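Each remark here refers to the structure printed beneath this line.
2 protein chains.
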Amino acid sequence: MSNLRELPILETAATAPCCAPLAREPLTVPDAERLAVMFKALGDPVRLRLFSMVASHEGGEACVCDIQDVGVSQPTVSHHLKKLREAGLVTSERRGTWVFYKVVPEVTASLAGLLGQEG
Amino acid sequence: MSNLRELPILETAATAPCCAPLAREPLTVPDAERLAVMFKALGDPVRLRLFSMVASHEGGEACVCDIQDVGVSQPTVSHHLKKLREAGLVTSERRGTWVFYKVVPEVTASLAGLLGQEG
DNA sequence: CATCAATATTGACAGCCGTCGATTCCGGGG
DNA sequence: CCCCGGAATCGACGGCTGTCAATATTGATG
Numbered sequence: 164m165s166n167l168r169e170l171p172i173l174e175t176a177a178t179a180p181c182c183a184p185l186a187r188e189p190l191t192v193p194d195a196e197r198l199a200v201m202f203k204a205l206g207d208p209v210r211l212r213l214f215s216m217v218a219s220h221e222g223g224e225a226c227v228c229d230i231q232d233v234g235v236s237q238p239t240v241s242h243h244l245k246k247l248r249e250a251g252l253v254t255s256e257r258r259g260t261w262v263f264y265k266v267v268p269e270v271t272a273s274l275a276g277l278l279g280q281e282g
Numbered sequence: 164m165s166n167l168r169e170l171p172i173l174e175t176a177a178t179a180p181c182c183a184p185l186a187r188e189p190l191t192v193p194d195a196e197r198l199a200v201m202f203k204a205l206g207d208p209v210r211l212r213l214f215s216m217v218a219s220h221e222g223g224e225a226c227v228c229d230i231q232d233v234g235v236s237q238p239t240v241s242h243h244l245k246k247l248r249e250a251g252l253v254t255s256e257r258r259g260t261w262v263f264y265k266v267v268p269e270v271t272a273s274l275a276g277l278l279g280q281e282g
């Protein structure tokens, strides 16, 4: 029932930042598949806004009720947050009536390093 | 006919790196829409591999013939490269029979800064 | 000009995806 | 125990998207 925990992507990607910068060597097929899931998760305007709202919120964490006003219905917001969670970009935690989402800094930093200014 | 030049996204995003780091403040709707196009472009495994192959190629530039072997048909490769171009992530240039793609470093660096290690 | 090699475009099609309304699940109070 | 509010799930639907085969375009070369 309560599958608040998700996929192995997080374990793999978070623990091992995954890959060398894109400018250094081509991605392997498996790496490309795992990373594409994350980029795809950020590839929707609403989801990107939700992610930025969580990331910029006090302590890098926000209650759903704080970020719900993005112009789509409540089920859609929930759907998008689930996608972000499945991609390993955020985690969720229930506290009483509310559910709080927070960013996974290692993963986003890893993505940044992938694109980042090379040497 | 020859619309090798594309959308204003590049002009806007490349010239002005766009936004503060995601962890600092929420994206505006227009910013989110423009950025989502780029993330979406990287959100396909084949496209991500193509991008990494271009980025890691000698001089950050590659002939289509050099990166064509990604397991999909030639038209599909062409289609994906067009998407990357439309997203402002790469530019293309014809030299004789061949077409060369190169990354737009300012844009990718801008994306990296967006996700980057915050203060 | 005819032909060939390298890319791009077109048209078609199946599957995915964002969206919603309705419903369900989960905790907290009366 | 019942009800209420916050959030997730379900089912449906239209539009987008990745893919291919076929064809067109473009430039080099004989």
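One line per chain: the protein sequences are A and B, in this order. Using this note's numbering, the first residue of the first sequence is number 164, and each one after it goes up by one. Using this note's numbering, the first residue of the second sequence is number 164, and each one after it goes up by one. C-beta: ideal position from N, C-alpha, C; glycine also. Note that the coordinates shown come from a computational prediction; the quantities given were computed from them, not determined experimentally.
Counting along the chain, B:S241 sits inside no beta strand (DSSP E); it lies in the alpha helix (DSSP H) bounded by residues Q237 to E249.
Residues of the segment 260-282 of chain B with a Cβ closer than 7 Å to any Cβ of chain A, in chain order: T271, A272, L274, A275, L278, G279 and Q280. Neighbours of A:L185 across chain B, judged by C-beta separation under 8 Å: F214, S215, A218, S219 and T271. Excluding five sequence positions before and after A:A204, the CB atoms of its chain that fall closer than 7 Å to its own CB belong to R210, K246, L247, A250 and L252, given in chain order. Using a 10 angstroms sphere on the CB of B:P208, the tally of other CB atoms reaches 16 or more, which defines it as buried. Beyond the five residues adjoining it in sequence on each side, A:A195 comes within less than 7 Å, by CB distance, of no other residue in the same chain.
Flagged as an interface residue toward chain B: A:A195, by a C-beta distance shorter than 8 Å. Leaving aside the five residues that flank A:P189 on each side, none in its chain has a CB nearer than 7 Å to its CB. The beta carbon of A:G279 is closer than 7 Å to those of P184 in its chain, skipping five residues each way along the sequence. Shown here, A:V233 sits in coil according to DSSP, grouped into three states, outside any helix or strand. Ranked by Cα distance from A:T191, the options B:Q237, B:L213 and B:R197 are led by B:L213.
A direct Cα-Cα distance of roughly 33 Å separates B:C182 from B:R257. In the structure shown, the three-state DSSP call for B:A204 is helix. Shown here for B:D229: same chain residues with a beta carbon closer than 7 Å to its own, the five before and five after excluded, namely H220 in chain order. Not one beta carbon of chain B lies nearer than 8 Å to the beta carbon of A:L244. B:R187 carries a coil assignment under DSSP once its states are collapsed to helix, strand and coil.
Distance check between A:E224 and each of A:H242, A:H243 and A:T254 places A:T254 closest, using alpha-carbon atoms only. Non-local beta-carbon contacts of B:P268 in its own chain, meaning distances under 8 Å to residues more than five positions away in sequence, involve G223 in chain order.
One alpha carbon belongs to B:S273, the other to A:P238, and they sit about 32 Å apart.
Where A:T271 is concerned, the enclosing alpha helix (DSSP H) starts and stops at P268 to L278. From the beta-carbon of A:D229, no residue of chain B is found nearer than 7 Å; the closest lies around 11 Å away. By alpha-carbon distance to B:L277, the top candidate from A:P193, A:R197, A:A199 and A:A218 is A:A218.
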